[in-house]
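Peer 1: Chains as they are written, first to last, in my numbering: chain A, 495 to 609; chain B, 36 to 150. Quick reminder that beta carbons are idealized off the backbone N, C-alpha and C, glycines included.
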Amino acid sequence: GAVVSQHPSRVICKSGTSVKIECRSLDFQATTMFWYRQFPKKSLMLMATSNEGSKATYEQGVEKDKFLINHASLTLSTLTVTSAHPEDSSFYICSAIGRGSETQYFGPGTRLLVL
Amino acid sequence: AQTVTQSQPEMSVQEAETVTLSCTYDTSESDYYLFWYKQPPSRQMILVIRQEAYKQQNATENRFSVNFQKAAKSFSLKISDSQLGDAAMYFCAYRGPPGTYKYIFGTGTRLKVLA
Numbered sequence: 495g496a497v498v499s500q501h502p503s504r505v506i507c508k509s510g511t512s513v514k515i516e517c518r519s520l521d522f523q524a525t526t527m528f529w530y531r532q533f534p535k536k537s538l539m540l541m542a543t544s545n546e547g548s549k550a551t552y553e554q555g556v557e558k559d560k561f562l563i564n565h566a567s568l569t570l571s572t573l574t575v576t577s578a579h580p581e582d583s584s585f586y587i588c589s590a591i592g593r594g595s596e597t598q599y600f601g602p603g604t605r606l607l608v609l
Numbered sequence: 036a037q038t039v040t041q042s043q044p045e046m047s048v049q050e051a052e053t054v055t056l057s058c059t060y061d062t063s064e065s066d067y068y069l070f071w072y073k074q075p076p077s078r079q080m081i082l083v084i085r086q087e088a089y090k091q092q093n094a095t096e097n098r099f100s101v102n103f104q105k106a107a108k109s110f111s112l113k114i115s116d117s118q119l120g121d122a123a124m125y126f127c128a129y130r131g132p133p134g135t136y137k138y139i140f141g142t143g144t145r146l147k148v149l150a
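(1) Would you kindly report the start and end of the unbroken beta strand (DSSP E) that includes T59 of chain B?
(2) What does the alpha-carbon distance come out to for the pair A450 of chain A and Y136 of chain B?
(3) Can at least three beta-carbon pairs, one atom from the region 509-520 of chain A and one from the region 567-577 of chain A, be found at a separation below 8 Å?
(4) Of all the CB atoms in chain B, is at least one closer than 9 Å to the CB of F585 of chain A?
(5) Buried or exposed for L609 of chain A, please, with buried defined as at least 16 other CB atoms from any protein chain shown within 10 angstroms of its CB.
(6) From A:C588, A:M541, A:Y599, pick the residue whose C-alpha is nearest to that of C517 of chain A; which is it?
(7) Less than 6 Å between C-beta atoms, sequence neighbours within five positions excluded: which residues of the same chain meet that for F164 of chain B?
(8) Excluding sequence positions up to five away, which residues of its chain have a Cβ less than 8 Å from the Cβ of S503 of chain A?
(9) Where does G120 of chain B fall in DSSP's three states?
(10) Looking at chain B, is there any beta carbon in it that lies within less than 9 Å of the beta carbon of S509 of chain A?
(11) Where does E581 of chain A sit, in a helix, a strand or coil, going by DSSP?
(12) Taking 8 Å as the threshold, find out whether the region 565-572 of chain A comes into contact with the region 526-546 of chain A through three or more Cβ pairs.
(13) Could you name the residues of the same chain whose beta carbon sits closer than 6 Å to that of K560 of chain A, not counting the 5 residues immediately before and after it, in chain order?
(14) Report yes or no: is there a C-beta of chain A within less than 9 Å of the C-beta of F99 of chain B?
(15) Taking E87 of chain B as part of the beta strand (DSSP E), name the residues at either end of that continuous run.
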């Protein structure tokens, strides 16, 4: 149980385009989902927290107009990187937590490369 | 503010031997949760073990066990009978009382298992 999927696993795009990453909880309802960014050999950096049906809460320094987060249902959250630039290239990971749970379950991550 | 410190950037262990990864944290809360996650080369974050602060008994999961010292704010992970598949980055994480969902991650410890 507690499986989280992410799609796509890898994406290459041109500078200036937008990219959407999906995060799904497959076997539980995720009341809260999180989006992280991870640089090589570094820890996870929390970007934002989203609750189903409400606006995401962004961490300090994260541009909300650049990283659009939508948590439309209890099983789906999306991260859209708008007008992507090479410096947005990174590994993005989502996680989800179910009602009454203390544990975050993580997706497999998405590697974004912006050319 | 809460902090999590992993002072060992890298550790090595011989196959079948035992290794301990250290983690210290700082918080003023009395009720919280602590986690160890494993991130193998695939970069999928996998929950290894979880500890509730109100429980005095140390958590165990097969070959993995923790030494939770609440007064010292220490939460070390012991891996017994190390296997090649244990090679990974290990992250210690702190989560506050019920109602708070964000994790604070340590910087990670890279574990190498020598055949």
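Peer 2: Short version:
(1) 59-61
(2) This structure gives no information on residue 450 of chain A, because the portion of chain A shown stretches from 495 to 609.
(3) yes
(4) yes
(5) exposed
(6) A:C588
(7) The structure shown does not extend to residue 164 of chain B, since chain B spans only 36 to 150, so no value can be given for it.
(8) P602, G603, T604, R605
(9) helix
(10) no
(11) helix
(12) yes
(13) T576
(14) no
(15) 81-87
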